[in-house]
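Engineer: Numbering (my numbering), first residue to last: 320 to 508.
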């Protein structure tokens, strides 16, 4: 499965992507904001992640930046996962690409896909010391639930406080479906 957004191309990972993945994610400033990534992040971790099979209902994608002059460059990852019986959105962007709206654009694209896949609600969270991620979630239509949680971070080695968010996507629709009104929560604020 592939997704094209305004500036990005989201695609599945392939085993040969491991070296480029390692270059982007082997940065403590990136990994400390993730729950499931270890620190230090090693070549074996990158090989394992790049070769993961896709789940048809909860796909994950490498976020790439297309160019007419060179191969598309991996700049991050975004995807859906099952978490405690709910569908959860997760993402990361390499530090060299922070602050350019790429996480917001990729998250919107995956939320549109989530609606097509029949998910009516998606959850997400961020560590309390990562307010930039909370900003991304609010821009794509998530609302804080008012609940704080605790989540184990493999890279930190301890449970850290999180802010929980949720978005209602409404009834499933197809890619060509009806009006754009159903996507209002995902529009730029």
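Note that CB positions come from ideal geometry on N, CA and C, so glycine has one too.
Does DSSP put residue 497 in a helix, in a strand, or in coil?
Structural biologist: Because residue 497 carries a pLDDT of 48, less than 50, the predicted location of this residue cannot be relied on, and the following value inherits that uncertainty. Judged by DSSP in its simplified three-state form, residue 497 adopts coil rather than helix or strand.
Engineer: Does the count of Cβ pairs from the stretch 366-380 and the stretch 452-470 closer than 8 Å reach three?
Structural biologist: no
Engineer: I need the boundaries of the alpha helix (DSSP H) containing residue 423, first residue and last residue.
Structural biologist: First-last of the alpha helix (DSSP H) with residue 423: 421-435.
Engineer: What did DSSP end up calling residue 362 once you bin it into helix, strand or coil?
Structural biologist: Helix, per DSSP.
Engineer: Compare the Cα-Cα distances from residue 395 to each of 461, 487, 380 and 439 and report the closest residue.
Structural biologist: 380
Engineer: Three or more C-beta pairs under 8 Å: does that hold for the stretch 351-361 against the stretch 328-339?
Structural biologist: no
Engineer: To the nearest angstrom, how far is it from the Cα of residue 481 to the Cα of residue 466?
Structural biologist: 9 Å
Engineer: Could you tell me which residues DSSP puts in a beta bridge with residue 455?
Structural biologist: Its beta-bridge partners do not exist; DSSP assigns none.
Engineer: Can you find at least 3 beta carbon pairs, one from the stretch 344-351 and one from the stretch 405-425, that sit closer than 8 Å?
Structural biologist: yes
Engineer: Determine the DSSP secondary structure at residue 473, reduced to helix, strand or coil.
Structural biologist: Coil at residue 473, not helix or strand.
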